[in-house]
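Single-structure report; data block below.
2 protein chains.
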Amino acid sequence: MKFLKSVKKFYFHYPFPVTVVGAKHGDKINFMSAAWHAQFSFDPPLYGVLISPKRFTHDLIKKSSAFSLNFLDSSKFRIVHLMGRISGRDVDKVGELNLKVFIGKELEVPILSESYAAYECELFDEKKYGDHTLFVGKIVGIHYDEELFNEKYQPDITKIIPTLYLGSNVYPMFELREIVELEG
Amino acid sequence: MKFLKSVKKFYFHYPFPVTVVGAKHGDKINFMSAAWHAQFSFDPPLYGVLISPKRFTHDLIKKSSAFSLNFLDSSKFRIVHLMGRISGRDVDKVGELNLKVFIGKELEVPILSESYAAYECELFDEKKYGDHTLFVGKIVGIHYDEELFNEKYQPDITKIIPTLYLGSNVYPMFELREIVELEG
Numbered sequence: 001m002k003f004l005k006s007v008k009k010f011y012f013h014y015p016f017p018v019t020v021v022g023a024k025h026g027d028k029i030n031f032m033s034a035a036w037h038a039q040f041s042f043d044p045p046l047y048g049v050l051i052s053p054k055r056f057t058h059d060l061i062k063k064s065s066a067f068s069l070n071f072l073d074s075s076k077f078r079i080v081h082l083m084g085r086i087s088g089r090d091v092d093k094v095g096e097l098n099l100k101v102f103i104g105k106e107l108e109v110p111i112l113s114e115s116y117a118a119y120e121c122e123l124f125d126e127k128k129y130g131d132h133t134l135f136v137g138k139i140v141g142i143h144y145d146e147e148l149f150n151e152k153y154q155p156d157i158t159k160i161i162p163t164l165y166l167g168s169n170v171y172p173m174f175e176l177r178e179i180v181e182l183e184g
Numbered sequence: 001m002k003f004l005k006s007v008k009k010f011y012f013h014y015p016f017p018v019t020v021v022g023a024k025h026g027d028k029i030n031f032m033s034a035a036w037h038a039q040f041s042f043d044p045p046l047y048g049v050l051i052s053p054k055r056f057t058h059d060l061i062k063k064s065s066a067f068s069l070n071f072l073d074s075s076k077f078r079i080v081h082l083m084g085r086i087s088g089r090d091v092d093k094v095g096e097l098n099l100k101v102f103i104g105k106e107l108e109v110p111i112l113s114e115s116y117a118a119y120e121c122e123l124f125d126e127k128k129y130g131d132h133t134l135f136v137g138k139i140v141g142i143h144y145d146e147e148l149f150n151e152k153y154q155p156d157i158t159k160i161i162p163t164l165y166l167g168s169n170v171y172p173m174f175e176l177r178e179i180v181e182l183e184g
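Protein chains in written order, with the numbering used here: chain A, 1 to 184; chain B, 1 to 184.
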């Protein structure tokens with residue numbers, strides 16, 4: 001094993017699934033892709049995402065105290081990629097990328113119709129960590145395509161593979177070989 | 001799209017890569033698998049992981065203010081699974097699972113020799129969120145198998161596929177179909 005004390009940019013723990021973060025303030029709507037995110041709690045249902053303060057979505061979340069998290073199949077990785085590469089400050093991504101969007105049931109958050117699942121999140125906590133801000137949201141609504149999930153709310157992995165990101169504009173595409181269920 | 005206001009347990013955003021968290025206090029060493037984790041910052045390099053206060057590893061991190069994050073190939077998913085299912089309070093997992101372990105260079109944290117990469121993390125911040133504690137660590141050392149990474153520190157995805165977890169004891173096994181590099 002080689003050892004490094006530190007390094008500026010690294011992707012040792014990649015590939016990581018990408019989520020698309022949506023936010024809305026007034027008539028401004030934006031989406032961005034993010035690979036730094038995790039569930040935080042079951043009860044209450046909390047989910048955290050890290051966003052650079054430079055991003056337009058960061059401003060929208062600060063102003064609206066809400067965001068959506070959208071999960072897209074790996075077949076849609078090109079849309080996911082573009083949402084990480086162009087800024088909503090310069091371009092209306094929804095119009096530019098011809099996205100179909102609807103507004104949440106519980107919150108004024110934009111949701112991508114192409115998602116197989118999406119969470120409506122009410123801002124619960126935020127904190128700056130280094131060069132990013134952690135936004136923790138309470139999930140107050142879940143949208144999902146019921147044909148793609150089982151009764152435990154697990155995705156049907158024969159039909160969905162989330163968009164996985166390897167860093168530095170690289171997307172590995174996988175196919176399912178086997179599903180293994182172990183004893184609990 | 002179907003809509004749920006809330007639900008107790010859900011896996012809509014799964015599969016998620018699993019990390020193995022290691023900690024040591026005195027002569028007690030333990031490892032546990034965790035699917036709730038994310039990078040938090042590049043500068044300083046910060047990484048967060050969510051751990052239930054019920055877990056033995058939680059006590060060890062509280063006492064030692066340090067932990068390791070270990071990344072294992074999907075071929076080792078059975079070891080990863082066992083580390084999530086048995087408690088280090090009852091069993092010495094290192095002995096029981098016959099794990100090869102070494103101690104970090106910068107910190108007194110245990111690292112799994114079978115990892116393709118591992119981070120040594122010094123506790124930077126902690127906070128309770130619902131039923132879990134967020135531990136944020138500053139990465140002060142990185143161990144990696146140099147034959148498995150390129151010069152940007154991305155894994156060679158033709159050789160490594162991280163262990164992905166679908167929740168509820170299910171592990172989907174993938175194979176690589178294609179690597180797509182898009183314009184930045």
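We treat Cβ as the ideally placed atom computed from N, Cα and C, and that holds for glycine. These numbers were taken from a predicted model, which means no experiment stands behind them.
Contact annotation for Y14(A) against chain B: Q154, P155 [CB-CB distance below 7 Å, chain order]. In this structure, K138(A) lies near P45(A), with their beta-carbon atoms less than 8 Å apart. By the Cβ test, the region 116 to 130 of chain A is in contact with the region 63 to 81 of chain A, since at least three Cβ pairs between them sit closer than 8 Å. In this chain, the alpha helix (DSSP H) harbouring V94(A) covers 93 to 96. In summary, T163(A) is buried, with 16 or more beta-carbon neighbours lying within 10 Å of its beta-carbon over all protein chains present. For I179(A), the chain B residues whose C-beta falls within less than 9 Å of its own C-beta are L166, V170, Y171, P172, M173, listed in chain order.
In the three-state scheme derived from DSSP, where H, G and I count as helix and E and B as strand, T19(A) is classed as strand.
Distance from the CA atom of R85(A) to the CA atom of V18(A), rounded to whole angstroms, is 13 Å.
With a 10 Å radius around the Cβ and a threshold of 16 neighbouring Cβ atoms, N150(B) comes out exposed.
Check the Cα spacing between D59(A) and each of T133(A), Q39(A), S168(A), F71(A): the tightest is with T133(A).
Going by DSSP, R85(B) is part of the alpha helix (DSSP H) stretching over 77 to 85.
Within 10 angstroms of the beta-carbon of G88(B) lie 16 or more other beta-carbons, which makes it buried.
Contacts with chain A (Cβ-Cβ distance below 8 Å) from the region 80 to 109 of chain B involve H81, R85, K105, E106, listed in chain order. Taking the CA atoms as reference points, S6(B) sits about 21 Å from A35(B). Contact annotation: F135(B) and V49(B) have beta-carbon atoms nearer than 8 Å.
Here the alpha carbon of V109(B) sits roughly 5 Å from the alpha carbon of A23(B). R177(B) counts as exposed, since fewer than 16 other C-beta atoms from the protein chains shown sit within 10 angstroms of its C-beta. The alpha-carbon of H13(B) is positioned some 21 Å away from that of K100(A). At a beta-carbon threshold of 8 Å, the residues of chain B lying near F40(A) are W36, L50, Y129, G130, H132, L134, ordered along the chain. Below the 9 Å Cβ cutoff, chain B contributes G141, I142, H143, Y144, Y153 as neighbours of L4(A), in chain order.
The secondary-structure analysis by DSSP pairs S65(B) with nothing; it has no beta-bridge partner. Relative to N30(A), the option among K9(A), F77(A), D90(A) whose CA is nearest is D90(A). Taking 8 Å as the upper bound for CB-CB distance, F40(B) and G130(A) are in contact here, some 7 Å apart.
Counting along the chain, N30(B) sits inside the beta strand (DSSP E) bounded by residues 28 to 34.
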